[in-house]
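Only one structure is covered here, and it is reproduced in the block below.
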Amino acid sequence: MVLDLLDELESAGVFLRDGNGAIYSRRMVADEGLRAKASAAGRLGGNPDLKGRDKPTPGAAVKGTLKGVVKGGDIPSEIRDQRSD
1 MVLDLLDELE
11 SAGVFLRDGN
21 GAIYSRRMVA
31 DEGLRAKASA
41 AGRLGGNPDL
51 KGRDKPTPGA
61 AVKGTLKGVV
71 KGGDIPSEIR
81 DQRSD
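In full-length UniProt numbering, the protein residues as written are 1 to 85.
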């Protein structure tokens, strides 16, 4: 049963076999080629004004503490959720 299904897929061109008889997907091989091209092209891009700068450390730009009051933060939820009719 499985061999019949594999023969059907192979005859439909869904996959190919290499010299050792191993099955591989033509689509995956083609997608890998596209991925490699896109990766190489992506390395060439970028804003020239920003290229060459070190990446900032996560959280390095955050300084100080938050100030102010959150609206409704000090009101009990029972009162806050009531509707006035």
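The C-beta atom is built at its ideal place from N, Cα and C for all residues, glycine as well.
Bear in mind that the values here come from a model prediction, so they are computed numbers and not experimental data.
- R53 carries a coil assignment under DSSP once its states are collapsed to helix, strand and coil.
- Between K37 and Q82, the alpha-carbon positions lie close to 59 Å from each other.
- The three-state reading of DSSP puts L6 in helix, counting H, G and I together.
- Nearest C-alpha to V29 among K67, S39, L16: L16.
- A straight line joining the alpha-carbon of R27 with that of R43 spans about 25 Å.
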